[in-house]
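Per this note's numbering, residue 79 is the first one in the sequence shown, and the count goes up by one each step.
Idealized CB from N, CA, C, for every residue including glycine.
Since the structure comes first, as structure tokens, the remarks are kept for the end.
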Amino acid sequence: MVSPMKAADNPVHNVRGFLPDLRFTLQAAGGKTVTEETFKGKTVMLFFGYASCPDICPTTMAQLSQVMSNLQDDADKVRILFISVDPHRDTPEILQAYVNAFDQNAIGLTGTEKQIADLARRYRVAYQIEKPSGSDKENYEVAHSRGVYMFDAEGHARMLAADTESIEALTSSVRSLLPGR
């Protein structure tokens with residue numbers, strides 16, 4: 079048994095058995111329908127956000143990009159999945175251009191309002207889209223919870239990290255999930 083102090087010191091939380099396995103059907107750039115099967119054999123870092131996010135999302139994506147860099151040759155065994163909670167503004171092409179700015183192996187995904195709501199509920203992600211202010215229908219705020227979900231190569235939910243965790247802690251956690259470790 080882990081002592082309470084030791085558990086509090088661990089920045090990345092083991093969620094095996096507490097969160098469901100990776101499962102979704104969403105849209106990627108180029109008109110591709112993508113499911114969890116696309117990533118079988120890859121360790122996945124999953125993050126919910128939106129492309130026009132002013133602070134949290136770009137900071138987290140920069141962190142995840144650094145994790146990929148730290149993994150060096152093992153980076154080809156890992157994928158970053160960025161799922162938009164703003165399907166009205168974030169087309170698959172906008173999302174892919176956004177994630178490409180951080181990591182060429184990252185995948186931007188979106189879907190219908192129902193698909194996003196169902197997936198967010200599945201992983202206990204909270205988000206809220208405010209009503210547009212004024213006459214500009216594209217001018218609205220989005221709030222969302224934060225966290226990086228990590229899935230092993232079989233698609234099992236294994237770890238959850240705050241987006242404020244150190245790059246070293248994230249890298250170590252991802253590395254521990256790589257096939258053959």
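Beta-carbon proximity check, residue i vs residue j, cutoff 8 Å
i	j	result
Ala-235	Ala-247	no
Ser-162	Thr-188	yes
Arg-94	Glu-114	no
Val-252	Leu-104	no
Neighbourhood of residue i by C-beta, 8 Å cutoff - its chain only, sequence neighbours within 5 removed
i	result
Asn-92	Arg-236 and Met-237
Ser-244	Pro-89
Assigned secondary structure, residue i (DSSP; H/G/I helix, E/B strand, else coil)
i	result
Phe-126	strand
Lys-110	strand
Phe-117	helix
Pro-98	coil
Val-145	helix
Leu-159	strand
Asn-178	helix
Leu-256	coil
Supposed close pair residue i, residue j - CB separation, criterion 8 Å
i	j	result
Asp-181	Ser-143	5 Å
Ile-185	Ala-129	Not really, about 13 Å apart at Cβ, beyond 8 Å.
Ile-194	Pro-165	6 Å
Phe-160	Val-177	5 Å
Own chain, CB closer than 6 Å to residue i, minus 5 neighbours either side, in chain order
i	result
Ala-107	Pro-170, Glu-171 and Gln-174
Leu-197	Phe-102
Spatial neighbours of residue i in its chain, beta-carbon cut-off 7 Å, leaving aside the 5 residues before and after
i	result
Ala-140	Phe-180
Tyr-201	Leu-97 and Tyr-227
Asp-221	A small fix is needed here, since residue 221 is Ala in this sequence, not Asp. Only Tyr-205 and Gln-206 meet the Cβ criterion.
Glu-191	Pro-165
Alpha carbon of residue i to alpha carbon of residue j, nearest angstrom
i	j	result
Thr-138	Phe-125	8 Å
Pro-210	Asp-151	45 Å
Glu-232	Lys-118	6 Å
Gly-258	Thr-242	28 Å
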